[in-house]
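*Asks:* Pasting a structure below so you can have a look.
In this note's numbering, the protein residues as written are 305 to 452.
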């Protein structure tokens, strides 16, 4: 992975994990939508927007459905690049709804060779994993820590 210039930690996470996860769009915006849709608990999708978003008219680029509802579509790339911090209310929602076992399942599909490369990238990000079998769990915990 090339050196990242991300300012915010969620961007570092997304840029590092994206190449290794299968079954998701690998373009920035698509990755944000697919990955987070895959790792968040489904029952939360029926939750209404927070009060401060229900009372305001959505803008032209505001996402109105799914896990990113209430967020501007144009901000997804900024989150991915680490140029913009995810709003606290959305990070709290994701933190509460994150299903670490779903993150682990996505990581279990990574080939053995790719896992070795992934482990090297995690070490560059100061995530120490001594055994490749611990990578899925470490990845889920790392994402959870990015949402705090």
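The beta-carbon is built from N, C-alpha and C at its ideal position, and this holds for glycine as well.
1) What are the start and end residues of the alpha helix (DSSP H) that includes residue 385?
2) Among the residues of its own chain, which have a CB less than 8 Å from the CB of residue 376, if the five just before and after it don't count?
3) With distances taken Cα to Cα, identify the nearest neighbour of residue 416 among 325, 447, 380, 315.
4) Taking 6 Å as the limit between beta carbons, can you name the residues of its chain near residue 348, skipping five residues before and five after?
5) Give the single residue among 316, 311, 312 whose Cα lies nearest to the Cα of residue 427.
6) Roughly how far, in whole angstroms, is the beta-carbon of residue 398 from the beta-carbon of residue 344, given that I think they are within contact range, below 8 Å?
7) For the candidate residues 373, 447, 442, 422, whose alpha-carbon lies nearest to that of residue 323?
8) Hey, how far is the Cα of residue 340 from the Cα of residue 378?
9) Let me make sure I understand the geometry here. Which of 451, 450, 411 has the alpha-carbon closest to that of residue 440?
10) Taking the C-alpha atoms as reference points, what is the distance between residue 447 and residue 313?
11) Where DSSP assigns a beta bridge to residue 366, which residues make up the other side?
12) Out of 370, 451, 419, 450, state which residue places its alpha-carbon closest to the alpha-carbon of residue 438.
*Replies:* The relevant details are as follows:
1) 379 to 385
2) 363, 365, 366, 367
3) 325
4) Below a pLDDT of 50, predicted positions are generally treated as unreliable, and residue 348, at 47, falls in that range; no measurement from the model is reported.
5) 316
6) 6 Å
7) 422
8) 16 Å
9) 411
10) 9 Å
11) 376
12) 419
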